[in-house]
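Undergrad: There's a structure below that I have some questions on.
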Amino acid sequence: MEGRLQGKVTVVTGAGNGIGRATALRFAEEGSSVIAADIQLDKANETAQIILDNGGKAKSVSVDVTSGADNDAMAELAVSEFGGLDCLVTAAGISHANYVSGDIEPDIKNIVENRATYLERPGWEFVESDPDSFDKVLNVNLKGTLLGMQSCAAQMLESGTQGSIVTIASIAAKHPDAGPVAYTVSKAGVWMLTKKVARMLGPVGIRVNSIGPGFIKTHMTAIIDLMDESETDAFNDMIPLGRRGEPVDIANAALFLCSDEASYFTGEMLHPDGGFFTE
Numbered sequence: 004m005e006g007r008l009q010g011k012v013t014v015v016t017g018a019g020n021g022i023g024r025a026t027a028l029r030f031a032e033e034g035s036s037v038i039a040a041d042i043q044l045d046k047a048n049e050t051a052q053i054i055l056d057n058g059g060k061a062k063s064v065s066v067d068v069t070s071g072a073d074n075d076a077m078a079e080l081a082v083s084e085f086g087g088l089d090c091l092v093t094a095a096g097i098s099h100a101n102y103v104s105g106d107i108e109p110d111i112k113n114i115v116e117n118r119a120t121y122l123e124r125p126g127w128e129f130v131e132s133d134p135d136s137f138d139k140v141l142n143v144n145l146k147g148t149l150l151g152m153q154s155c156a157a158q159m160l161e162s163g164t165q166g167s168i169v170t171i172a173s174i175a176a177k178h179p180d181a182g183p184v185a186y187t188v189s190k191a192g193v194w195m196l197t198k199k200v201a202r203m204l205g206p207v208g209i210r211v212n213s214i215g216p217g218f219i220k221t222h223m224t225a226i227i228d229l230m231d232e233s234e235t236d237a238f239n240d241m242i243p244l245g246r247r248g249e250p251v252d253i254a255n256a257a258l259f260l261c262s263d264e265a266s267y268f269t270g271e272m273l274h275p276d277g278g279f280f281t282e
């Protein structure tokens with residue numbers, strides 16, 4: 004039995020770990036050739052090797068998503084290596100300016116302590132926010148998504164491919180308590196960018212959708228594991244299903260949106276969040 008993406012070619016940014024890696028692996032399981040792109044080439048290599056070891060087709064590439072040239076080269080690699088480009092999933096992103104993709108954040112305890120300090124000084128967390136850090140987060144999360152979409156859409160347009168683009172936003176795009184100010188603003192931007200581009204590319208048959216994950220077990224949410232057990236339990240109680248999601252939960256949502264089963268979906272955002280938005 005052929006997979007749901009048999010014969011397709013997919014580019015995944017942020018493919019070195021977490022949601023990006025899970026997406027690359029899941030798409031390969033369903034028959035897609037995969038360009039595994041990540042700013043950390045060793046991590047992208049690991050993802051591609053797993054796919055190859057399982058009999059799939061993959062190529063890794065180092066990509067700084069804030070670079071237009073890198074994004075163009077990434078999209079061109081899909082065409083030169085596998086003959087086309089059908090799907091893009093933009094999973095590259097950072098939670099704050101010092102975030103290192105795929106690593107347990109070395110300063111995470113300081114983040115917890117700073118958060119506690121600001122709770123005692125209401126309002127000052129916003130006033131003392133670093134504008135340069137704000138710029139970096141938006142540059143990666145929002146501009147990086149835009150550039151990847153432009154480069155891959157260009158290849159689809161040139162070949163006449165009615166492809167699918169899936170952006171990874173966050174529940175923070177609609178829920179301001181779900182992340183730092185720069186992160187929430189950047190993900191809200193990704194959501195509106197998705198809707199706008201869906202309107203622009205709809206007439207040529209390119210579908211553009213987004214996923215707004217809830218709290219997923221990745222390095223980006225490792226801060227939750229440092230909480231006291233009572234705090235962790237209280238956090239999980241906010242989620243009707245009582246647990247954080249797995250990266251593959253987001254990969255499965257992306258798979259649906261890129262499959263023929265979602266052929267009438269565009270400009271939408273799915274929320275795999277364990278029911279968080281029922282609160």
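Quick note: the sequence shown uses our numbering, first residue 4, plus one each step.
Ideal Cβ placement from N, Cα and C applies to all residues, glycine included.
Remember, it's a predicted structure, so these values are computed and weren't measured experimentally.
Quick check: threonine 26 and alanine 257, are their CB atoms within less than 8 angstroms of each other?
TA: Yes, the pair counts as a contact, with Cβ atoms nearer than the cut-off.
Undergrad: What whole-angstrom Cβ distance do serine 63 and alanine 47 have, given they're in contact under 8 angstroms?
TA: Yes, they are in contact, since the Cβ atoms of serine 63 and alanine 47 sit about 4 angstroms apart, within 8 angstroms.
Undergrad: In the DSSP assignment, find the unbroken alpha helix (DSSP H) run with valine 188 in it and report its ends.
TA: Looking at the DSSP string, the run of the alpha helix (DSSP H) that includes valine 188 is 184–204.
Undergrad: Specify the secondary structure class of arginine 24 as computed by DSSP and reduced to three states.
TA: The answer is helix: DSSP assigns arginine 24 an H, G or I state.
Undergrad: Could you give the distance in angstroms between the alpha-carbon of glutamate 239 and the alpha-carbon of arginine 24?
TA: It should be noted that the sequence gives asparagine, not glutamate, for residue 239. Looking at the two C-alpha atoms, the distance is approximately 25 angstroms.
Undergrad: Answer yes or no: do threonine 16 and alanine 40 have a C-beta to C-beta separation smaller than 8 angstroms?
TA: Contact: yes.
Undergrad: Quick one: grab the DSSP three-state call for lysine 46.
TA: Three-state DSSP puts lysine 46 in a helix.
Undergrad: What is the residue span of the alpha helix (DSSP H) that serine 154 lies within?
TA: That run of the alpha helix (DSSP H) goes 147–162.
Undergrad: Consult DSSP for lysine 62 and reduce its assignment to one of helix, strand or coil.
TA: Strand.
Undergrad: Quick check for students: name the residue ranges of the beta strand (DSSP E) that lie wholly in the segment 68–105, counting only runs of 3 or more.
TA: Listed in chain order, they are 90–93.
Undergrad: How far does the alpha helix (DSSP H) with alanine 39 in it reach, from first residue to last?
TA: From DSSP, alanine 39 is part of no alpha helix (DSSP H) but of the beta strand (DSSP E) over 36–41.
Undergrad: Is the beta carbon of asparagine 144 sitting closer than 8 angstroms to the one on glycine 96?
TA: Yes, the Cβ-Cβ distance between asparagine 144 and glycine 96 is below 8 angstroms.
Undergrad: Taking buried to mean at least 16 other C-beta atoms within 10 Å of its own C-beta, is methionine 203 buried or exposed?
TA: It is exposed - the Cβ of methionine 203 has fewer than 16 other Cβ atoms within 10 Å.
Undergrad: Reducing DSSP to helix, strand and coil, say where isoleucine 171 ends up.
TA: Reduced to three states, the DSSP call for isoleucine 171 is strand.
Undergrad: Given this structure, state the Cα-to-Cα distance separating isoleucine 219 from glutamate 249, to the nearest angstrom.
TA: If you take the alpha carbons of isoleucine 219 and glutamate 249, they lie about 5 angstroms apart.
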